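For what it's worth, my numbering labels the leading residue of the sequence shown as 14, then goes sequentially. The C-beta atom is built at its ideal place from N, Cα and C for all residues, glycine as well. Please read all numbers here as calculations on a predicted model, not as lab measurements.
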Amino acid sequence: MKKYMKPLLEGLAVGIVFVSITMLFQIPHYMSAIIGVLAAIGGFRNSIKMDAEKKAKNAVPASASDDLKNADTDANKEPKND
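Listed below in structure tokens is the structure:
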């Protein structure tokens with residue numbers, strides 16, 4: 014449950030903000046609710062996506078760092094003339 018608590022709270026916060034903004038424009042309540050729900054879903058999905066990107070960025074395997082070192086040495090070599 015802890016894994017989905019942060020995205021749920023972020024999605025809920027986004028939804029509430031959008032409902033509040035749409036209420037300022039005095040549109041019908043059901044339209045504000047629809048916009049808020051869609052914004053909450055988008056905020057939830059975006060939060061999950063950003064957490065996955067952050068986790069992937071922090072978990073760089075050792076072989077990838079070796080590949081980066083090899084790429085640097087390959088880049089310093091002169092190209093072959095064919």
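- Per the C-alpha coordinates, the member of 56, 69 and 20 positioned closest to residue 31 is 56.
- Within 10 angstroms of the beta-carbon of residue 46 lie fewer than 16 other beta-carbons, which makes it exposed.
- Taking residue 52 as the centre and dropping the five residues before and after it, the same chain places the C-beta of 27, 28 and 31 closer than 7 Å to its C-beta, in chain order.
- The beta carbons of residue 24 and residue 48 sit no closer together than 8 Å.
- Considering only 73, 59 and 66, the residue with the shortest C-alpha distance to residue 21 is 59.
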